[in-house]
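S.K.: Protein sequences, first through last, are from chains A and B. With the numbering used here, letter number 97 in the first sequence gets 97, and the count goes up by one each step, no holes. In short: position in the second sequence from 1, add 123, done, that's the numbering used here. Where a beta carbon is used, it is the ideal one built from N, C-alpha and C, also for glycine.
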Amino acid sequence: MTRKTTQWHHLCDVQDLIPESGIAVWTPAGPVAIFYLPHQIPSLYAIGHHDPFSDANVLARGITGDLKGEPVVASPIYKQHFSLRSGVCQEDDSVRVPTFQVLVDGEQVLVEVPATQRADAVA
Amino acid sequence: MSKKNLLVIGNGMVGHHFLEQFVATDAAADYHIVVFGEEPLLAYDRVHLSEYFGGSSHTDLAMGTAEWYAENNLDLHLDEQVTGIDRDAKQVVTPKGTYAYDELVLATGSFPFVPPIDGNDRPDCLVYRTLDDLDQIRASAENGKVGVVVGGGLLGLEAANALKSLGLQAHVVEFAPRLMPVQLDDDGGALLRRKIEELGVQVHTEKATTAIVDGEDCRLRMNFSDDSHLETDLIVFSAGIRPQDALARSSGLEIGERGGIVINNQCTTSDPHIHAIGECALWNQRIFGLVAPGYTMARTLAGALNGDSEAAFTGADMSTKLKLLGVDVGSIGDAHGQSPGARSIRFNDEASGVYRRMVISEDGKKLLGAILVGDNGPYDTLLQYALNGIDLPASPEALILPESEGGAPALGPDALPDTASICSCHNVTKGDICGVIDAGCQDLAGVKAETKASTGCGGCAALLKNVVDCELEKRGVEVSTDICEHFPYSRQELFHLVKVNGIRTFRQLIREHGQGHGCDICKPTVASILATVWNEHILATDHVALQDTNDTFMANMQKNGTYSIVPRVPGGEITPDKLIVLGEVAKEYNLYTKITGGQRIDLFGATLSELPEIWEKLIAAGFETGHAYGKSLRTVKSCVGSTWCRYGVQDSVGMAILLENRYKGLRAPHKFKLAVSGCTRECAEAQSKDFGVIATDKGWNLYVCGNGGMRPRHADLFATDLSDEELIRTIDRVLMFYVRTADRLQRTSVWLENLEGGLDYLKEVILEDKLGLGEELDEHMQRVIGTYQCEWKTAVEDPEKRKRFREFVNDERKDPVQQWTTERGQRRPVAETA
Ligand code: SRM
Ligand SMILES: Cc1cc2nc3c(=O)[nH]c(=O)nc-3n(C[C@H](O)[C@H](O)[C@H](O)COP(=O)(O)OP(=O)(O)OC[C@H]3O[C@@H](n4cnc5c(N)ncnc54)[C@H](O)[C@@H]3O)c2cc1C
Ligand code: SF4
Ligand code: FES
Numbered sequence: 001m002t003r004k005t006t007q008w009h010h011l012c013d014v015q016d017l018i019p020e021s022g023i024a025v026w027t028p029a030g031p032v033a034i035f036y037l038p039h040q041i042p043s044l045y046a047i048g049h050h051d052p053f054s055d056a057n058v059l060a061r062g063i064t065g066d067l068k069g070e071p072v073v074a075s076p077i078y079k080q081h082f083s084l085r086s087g088v089c090q091e092d093d094s095v096r097v098p099t100f101q102v103l104v105d106g107e108q109v110l111v112e113v114p115a116t117q118r119a120d121a122v123a
Numbered sequence: 124m125s126k127k128n129l130l131v132i133g134n135g136m137v138g139h140h141f142l143e144q145f146v147a148t149d150a151a152a153d154y155h156i157v158v159f160g161e162e163p164l165l166a167y168d169r170v171h172l173s174e175y176f177g178g179s180s181h182t183d184l185a186m187g188t189a190e191w192y193a194e195n196n197l198d199l200h201l202d203e204q205v206t207g208i209d210r211d212a213k214q215v216v217t218p219k220g221t222y223a224y225d226e227l228v229l230a231t232g233s234f235p236f237v238p239p240i241d242g243n244d245r246p247d248c249l250v251y252r253t254l255d256d257l258d259q260i261r262a263s264a265e266n267g268k269v270g271v272v273v274g275g276g277l278l279g280l281e282a283a284n285a286l287k288s289l290g291l292q293a294h295v296v297e298f299a300p301r302l303m304p305v306q307l308d309d310d311g312g313a314l315l316r317r318k319i320e321e322l323g324v325q326v327h328t329e330k331a332t333t334a335i336v337d338g339e340d341c342r343l344r345m346n347f348s349d350d351s352h353l354e355t356d357l358i359v360f361s362a363g364i365r366p367q368d369a370l371a372r373s374s375g376l377e378i379g380e381r382g383g384i385v386i387n388n389q390c391t392t393s394d395p396h397i398h399a400i401g402e403c404a405l406w407n408q409r410i411f412g413l414v415a416p417g418y419t420m421a422r423t424l425a426g427a428l429n430g431d432s433e434a435a436f437t438g439a440d441m442s443t444k445l446k447l448l449g450v451d452v453g454s455i456g457d458a459h460g461q462s463p464g465a466r467s468i469r470f471n472d473e474a475s476g477v478y479r480r481m482v483i484s485e486d487g488k489k490l491l492g493a494i495l496v497g498d499n500g501p502y503d504t505l506l507q508y509a510l511n512g513i514d515l516p517a518s519p520e521a522l523i524l525p526e527s528e529g530g531a532p533a534l535g536p537d538a539l540p541d542t543a544s545i546c547s548c549h550n551v552t553k554g555d556i557c558g559v560i561d562a563g564c565q566d567l568a569g570v571k572a573e574t575k576a577s578t579g580c581g582g583c584a585a586l587l588k589n590v591v592d593c594e595l596e597k598r599g600v601e602v603s604t605d606i607c608e609h610f611p612y613s614r615q616e617l618f619h620l621v622k623v624n625g626i627r628t629f630r631q632l633i634r635e636h637g638q639g640h641g642c643d644i645c646k647p648t649v650a651s652i653l654a655t656v657w658n659e660h661i662l663a664t665d666h667v668a669l670q671d672t673n674d675t676f677m678a679n680m681q682k683n684g685t686y687s688i689v690p691r692v693p694g695g696e697i698t699p700d701k702l703i704v705l706g707e708v709a710k711e712y713n714l715y716t717k718i719t720g721g722q723r724i725d726l727f728g729a730t731l732s733e734l735p736e737i738w739e740k741l742i743a744a745g746f747e748t749g750h751a752y753g754k755s756l757r758t759v760k761s762c763v764g765s766t767w768c769r770y771g772v773q774d775s776v777g778m779a780i781l782l783e784n785r786y787k788g789l790r791a792p793h794k795f796k797l798a799v800s801g802c803t804r805e806c807a808e809a810q811s812k813d814f815g816v817i818a819t820d821k822g823w824n825l826y827v828c829g830n831g832g833m834r835p836r837h838a839d840l841f842a843t844d845l846s847d848e849e850l851i852r853t854i855d856r857v858l859m860f861y862v863r864t865a866d867r868l869q870r871t872s873v874w875l876e877n878l879e880g881g882l883d884y885l886k887e888v889i890l891e892d893k894l895g896l897g898e899e900l901d902e903h904m905q906r907v908i909g910t911y912q913c914e915w916k917t918a919v920e921d922p923e924k925r926k927r928f929r930e931f932v933n934d935e936r937k938d939p940v941q942q943w944t945t946e947r948g949q950r951r952p953v954a955e956t957a
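This is the structure:
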């Protein structure tokens with residue numbers, strides 16, 4: 001029998017999302033940033049909220065956009081760009097933040113997170 | 124006809140470069156090429172070796188790939204040291220076999236010199252040359268506290284930086300009386316020493332080590348000839364390099380008196396079938412310990428083997444420009460003034476830590492050499508004067524004096540001859556660059572790809588860009604001023620688009636005039652333009668996602684993700700009651716409190732969710748936002764003025780408050796500051812501000828476009844003896860003209876310097892209304908002033924906007940990563956630990 005290691009959590013509602021920007025939620029795996037990009041497909045992304053360069057929980061507060069077609073968020077502190085798809089830092093691909101599956105079910109926003117691991121513990 | 128054998132011994136930087144050059148020649152088809160490398164890894168960039176400690180891997184540093192070697196039919200033998208050359212049989216010997224050659228290339232580089240000191244072979248006595256050395260240093264550093272570098276030259280200092288970055292307390296021990304004795308003189312060496320010691324690396328000069336023995340507190344102890352000693356856990360020897368000429372010696376090739384394989388201008392040794400290039404070669408009694416001359420030798424030899432009778436190595440420039448432990452150091456040509464009749468001009472600013480020396484010819488016409496410590500700003504210009512023998516200007520000292528002393532304009536790229544070397548690593552001249560541009564290259568990236576310029580040490584990047592921009596402009600090619608990949612426009616063009624087309628949102632602008640979805644460059648720029656033109660609340664739904672976090676949350680983000688709060692204190696005047704409120708609020712939220720350089724009070728350490736609560740209290744007490752986060756008015760500094768000061772001739776505080784209230788909230792390309800002084804003693808330091816006002820007995824003198832900060836600039840006197848109304852109207856107009864025409868993040872000082880026609884033109888536009896813009900500018904300013912709102916007031920009163928300040932939308936908890944400590948009685952974030 002395989003044990004389930006991830007789980008979907010209802011973390012906020014659609015009305016909490018801010019178009020073209022991010023919000024932070026607290027999950028069993030630590031802080032996660034959810035971005036809502038209504039003019040793009042897909043329009044929802046979830047990545048770790050913890051910025052590995054400044055060691056602060058701030059990524060949801062960065063500016064979103066695209067670089068050469070890749071959807072990214074720029075850290076508000078030292079401005080590195082992280083891919084919203086893969087979490088990879090565009091300036092230094094040896095650095096990556098965790099990414100999570102996210103979906104909307106009715107009014108609820110659901111994120112799939114590991115059962116225990118803290119998101120900000122992954123460098 | 125069967126192929127001849129070409130053997131290359133040494134797979135280092137120069138050996139690899141030779142292969143790159145040679146396989147591109149016709150002659151390559153005639154040879155079967157075999158390469159021997161003693162190191163187990165493919166040639167890598169030794170110049171950037173230290174980056175290995177910063178996280179780069181061998182793959183990052185590698186100069187080629189195994190596939191490239193295979194594609195070019197290069198028979199690569201790594202981890203195989205050549206142990207002998209049999210010149211009669213024309214073959215070389217390795218532990219794995221013998222190999223015949225028709226032509227043999229020695230590119231064996233050099234090895235670090237380890238001074239003959241008792242105990243120098245102990246464990247933890249290491250050198251700094253190969254990746255393997257660095258692995259050993261890292262291992263040794265792991266359980267040590269202190270590290271010593273023997274040798275205070277260029278490489279020694281680089282090694283010291285590495286030890287520091289490994290967390291060791293680093294020392295440099297130098298035999299000579301100063302650091303970098305080859306490149307610097309006493310004053311330069313002394314300044315470098317001071318700066319390096321400030322960074323926490325201890326420097327010991329005039330120390331001769333006599334023995335290395337067991338230590339007491341550390342693993343080792345170094346005894347010096349003056350009976351002093353130093354304890355350390357590891358020692359890195361960096362006391363110079365010696366050419367690796369062992370094979371040449373044992374096979375009877377001609378060797379220099381102090382080592383090095385003697386070569387002629389074609390890079391051939393005393394045996395016509397054996398050649399030597401790179402650091403192992405001795406040309407004209409000289410060894411070249413830099414990579415650029417080695418590359419030139421490699422190119423020469425590749426040409427010569429391809430039958431080019433003109434190919435010749437004619438020496439190389441050994442000028443260097445580097446950043447050692449973050450300190451700029453430059454040395455050009457005859458830095459010590461050893462040429463007959465040479466004289467020097469020196470500039471030594473001990474306070475700001477800048478030393479510059481020019482060595483000029485007896486007749487004062489040519490630059491022979493130079494030394495720079497602390498700031499390499501003039502390096503490129505000086506190098507061009509020295510290398511190209513360009514005649515010095517009438518007052519050559521201007522080249523090294525700071526700009527405010529009436530000093531040097533840089534030598535424009537236009538003034539350089541076609542033979543001027545732009546990139547010494549890849550031997551690219553200005554003529555080469557013009558050549559590829561004429562052949563169709565239209566941008567910097569293209570020129571780089573074609574010529575390889577600026578792909579070596581990177582030191583020439585700024586100069587290359589200048590030359591390329593200048594040449595493109597001369598040919599009528601427009602140099603891109605696009606703000607980013609999403610808009611093919613400059614800020615000024617975007618400003619016009621927004622205004623003329625009445626565009627009110629970012630989405631509309633990018634849909635109609637741009638592409639993609641935007642980024643952290645164009646979004647805040649457009650937000651600032653929209654704010655200037657329409658002045659809507661920055662948290663309005665259409666704008667909120669465009670701003671930098673400071674604007675979005677109307678506070679300045681700190682290094683740990685918390686924010687600072689700076690309420691406006693117009694003119695620096697504040698009542699005791701308001702002071703008490705600031706104190707009470709700071710106490711309640713445990714905020715670190717500091718008086719700023721702008722005559723107001725900064726409260727640090729508020730979390731996102733605390734911001735609206737705190738502002739609610741401040742607003743109730745009569746405070747307004749201070750826009751410390753915005754590209755907008757910061758403060759109007761003032762002195763006490765005529766109300767109290769016995770010298771004051773006007774009410775400077777009154778005027779400062781009036782001006783601060785007038786311009787607060789205006790969004791601009793960059794922040795701007797004003798100051799008002801009550802008399803000519805200038806206690807408000809108005810001449811260092813974007814707009815400086817100084818009282819006269821008839822009214823006010825106005826100064827414009829000053830700057831403190833990174834590159835201070837004295838403001839220019841713009842108009843004199845203005846009445847209150849004249850003063851305000853003049854500032855209104857200059858400010859509005861700036862806001863409309865400046866580039867993104869361009870302060871007024873830089874704006875003016877780039878404004879065609881300069882100060883005179885600005886006077887014509889503003890004081891004489893040459894463009895007939897005056898009324899329009901007045902009207903625009905009036906509209907901005909009329910629509911002012913305290914952004915924080917609007918935000919705290921609007922429950923929807925307040926929602927944005929939740930730390931986690933599903934959880935009330937405060938950010939768990941923030942860790943605090945107490946210092947001098949106040950709370951602050953703990954220093955970086957992770
Ligand atoms: C708080 C303060 C330092 C202090 O404790 O005294 C300060 C703090 C910062 N300054 Fe400053 N500057 C402060 C006075 C100054 C001054 C002195 C003055 O205004 O008289 C200068 C030189 C004068 C000038 O601007 O010409 C100054 C020149 C800068 C610069 C360089 C600007 C330039 O054009 O060279 C920057 C960087 C920038 O803006 O790009 C900067 C940027 C910053 C930032 C915003 C850096 C950042 O992004 O985090 C700091 C924000 C701290 C915070 O969170 O509040 N700060 N800064 C001062 C706030 C004054 C105020 O009440 O608003
Ligand atoms: C830390 C550091 C920083 C530097 N910074 C700069 C800088 O900023 N600017 C600059 O211009 N220069 C710099 N240099 C110098 C630059 O790296 C050298 O000039 C350049 O590497 C010389 O190239 P080379 O091919 O002659 O020698 P190397 O790169 O040393 O290559 C020689 C190779 O031959 C191999 N070899 C030797 N004998 C044999 C044998 N018998 N059989 C097989 N293989 C053999 C060696 O193992 C070595 O791999 C720096 C050097 C170091 C160590
Ligand atoms: S000088 Fe630098 S560190 Fe100090 S407050 Fe200004 S920006 Fe920050
Ligand atoms: S001078 Fe080194 S890359 Fe151009």
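1) Evaluate the contact criterion for the stretch 789–801 of chain B versus the stretch 835–851 of chain B: three or more CB pairs, one atom per stretch, below 8 Å.
2) Does the pairing of the stretch 375–389 of chain B with the stretch 339–352 of chain B give three or more beta-carbon distances under 8 Å?
3) Report yes if the C-beta distance between L878(B) and L885(B) is below 8 Å; otherwise report no.
4) Taking 8 Å as the CB-CB limit, is D105(A) close to chain B?
5) Measure the C-alpha to C-alpha separation of T944(B) and N713(B) and round it to an integer number of angstroms.
6) Can you give me the start and stop residues for the beta strand (DSSP E) that T672(B) sits inside?
7) Which residues mark the beginning and the end of the beta strand (DSSP E) in which P71(A) is found?
8) Restricting to runs no shorter than 4 residues, where is the alpha helix (DSSP H) found entirely within the stretch 526–579 of chain B?
9) Run down chain B in chain order and give the residues with a C-beta less than 7 Å from the C-beta of L11(A).
10) Is F236(B) near ligand 2, judged by its Cβ being under 7 Å from some heavy atom?
11) Any beta carbon from chain B within less than 8 Å of L84(A)'s own beta carbon?
12) In whole angstroms, what is the alpha-carbon distance linking V146(B) and P395(B)?
13) To the nearest angstrom, how far is it from the Cα of H609(B) to the Cα of V104(A)?
14) Output needed for A362(B): all residues of its chain with C-beta closer than 6 Å, excluding positions within five of it in sequence on either side, in chain order.
15) Any contact between the stretch 631–647 of chain B and the stretch 63–71 of chain A? By contact I mean 3 or more CB pairs, one from each, below 8 Å.
16) Just how far apart, CA to CA, sit D13(A) and V32(A)?
17) Count the other CB atoms, across all protein chains shown, that sit within 10 Å of the CB of M833(B); report buried if there are 16 or more and exposed otherwise.
18) What is the DSSP secondary structure of W191(B), counted as helix, strand or coil?
19) For the stretch 659–670 of chain B, enumerate the residues whose C-beta is nearer than 8 Å to any C-beta of chain A, in chain order.
20) If you draw a straight line from the C-alpha of L315(B) to the C-alpha of P525(B), how long is it?
21) Would D16(A) pass as an interface residue toward chain B - the criterion being a Cβ-Cβ separation below 8 Å?
22) Can you check whether the C-beta of L67(A) is within less than 8 Å of a C-beta belonging to chain B?
23) If you run the structure through DSSP and keep just helix, strand and coil, what is N57(A)?
24) From the beta carbon of I41(A), is the nearest beta carbon of chain B less than 8 Å away?
25) Can you name the residues of chain A whose CB is closer than 7 Å to the CB of E733(B)?
26) State yes or no: is the C-beta of A427(B) within less than 8 Å of the C-beta of A421(B)?
27) I455(B) and G492(B): beta carbons closer than 8 Å?
M.R.: The answer reads as follows:
1) Judged by Cβ distances under 8 Å, the stretch 789–801 of chain B makes no contact with the stretch 835–851 of chain B, as fewer than three pairs qualify.
2) Short answer: they don't touch.
3) For the purposes of this step, residue 878(B) is taken as residue 755 along the second sequence, with counting starting at 1. For the purposes of this step, residue 885(B) is taken as residue 762 along the second sequence, with counting starting at 1. The Cβ atoms of L878(B) and L885(B) sit closer than 8 Å to each other.
4) In the first sequence, residue 105(A) corresponds to position 105, counting from 1. D105(A) does not count as touching chain B.
5) Start at 1 with the first residue of the second sequence, and residue 944(B) comes out as number 821. Start at 1 with the first residue of the second sequence, and residue 713(B) comes out as number 590. Looking at the two C-alpha atoms, the distance is approximately 12 Å.
6) Within the second sequence, the letter at position 549 stands for residue 672(B). Premise fails: T672(B) lies in the alpha helix (DSSP H), 672–675, not in any beta strand (DSSP E).
7) Counted from its first residue, the first sequence places residue 71(A) at position 71. Where P71(A) is concerned, the enclosing beta strand (DSSP E) starts and stops at 70–74.
8) If we require 4 residues or more, the alpha helix (DSSP H) runs fully inside the stretch 526–579 of chain B come out as 553–561, 567–574.
9) Here residue 11(A) refers to the residue found at position 11 of the first sequence. Residues of chain B passing the Cβ test: N933.
10) For the purposes of this step, residue 236(B) is taken as residue 113 along the second sequence, with counting starting at 1. Of the heavy atoms belonging to ligand 2, none sits nearer than 7 Å to the Cβ of F236(B).
11) The residue you call residue 84(A) lines up with position 84 of the first sequence. For L84(A), the closest Cβ of chain B is not nearer than 8 Å.
12) In the second sequence, residue 146(B) corresponds to position 23, counting from 1. In the second sequence, residue 395(B) corresponds to position 272, counting from 1. Distance between the alpha carbons of V146(B) and P395(B): 21 Å.
13) For the purposes of this step, residue 609(B) is taken as the residue at position 486 of the second sequence. For the purposes of this step, residue 104(A) is taken as the residue at position 104 of the first sequence. For H609(B) and V104(A), the distance between alpha carbons rounds to 30 Å.
14) Counting from one through the second sequence, the residue named residue 362(B) turns up at place 239. Closer than 6 Å at Cβ, skipping near neighbours: F236, P238, V273, G274.
15) Yes, since at least three Cβ pairs between the stretch 631–647 of chain B and the stretch 63–71 of chain A fall closer than 8 Å, the two stretches touch.
16) Here residue 13(A) is taken as the residue at index 13 of the first sequence, counted from 1. Here residue 32(A) is taken as the residue at index 32 of the first sequence, counted from 1. C-alpha separation (whole angstroms): 15 Å.
17) Translated into positions along the second sequence, residue 833(B) becomes position 710. Exposed, by the Cβ-count rule.
18) For this step, residue 191(B) is matched to residue 68 along the second sequence. Look at W191(B) here: in three-state DSSP terms it is helix.
19) Answer set for the stretch 659–670 of chain B: T664, V667, A668, L669, Q670.
20) Translated into positions along the second sequence, residue 315(B) becomes position 192. Translated into positions along the second sequence, residue 525(B) becomes position 402. In a straight line, the C-alpha of L315(B) is about 19 Å away from that of P525(B).
21) As a position in the first sequence, residue 16(A) is number 16, starting the count at 1. At a cut-off of 8 Å between beta carbons, D16(A) contacts chain B.
22) Position 67 of the first sequence holds residue 67(A). Taking a beta-carbon distance threshold of 8 Å, L67(A) counts as an interface residue toward chain B.
23) Along the first sequence, one-based indexing puts residue 57(A) at 57. Looking at N57(A) - three-state DSSP - the assignment turns out to be strand.
24) For the purposes of this step, residue 41(A) is taken as residue 41 along the first sequence, with counting starting at 1. So, not an interface residue.
25) Taking the second sequence and counting its residues from 1, one reaches residue 733(B) at position 610. Going along chain A, no residue has its Cβ under 7 Å from E733(B), so there is no contact; the nearest lies around 15 Å.
26) Here residue 427(B) refers to the residue found at position 304 of the second sequence. Here residue 421(B) refers to the residue found at position 298 of the second sequence. Between A427(B) and A421(B), the gap from beta carbon to beta carbon reaches 8 Å or more.
27) Start at 1 with the first residue of the second sequence, and residue 455(B) comes out as number 332. Start at 1 with the first residue of the second sequence, and residue 492(B) comes out as number 369. Closer than 8 Å, so yes.
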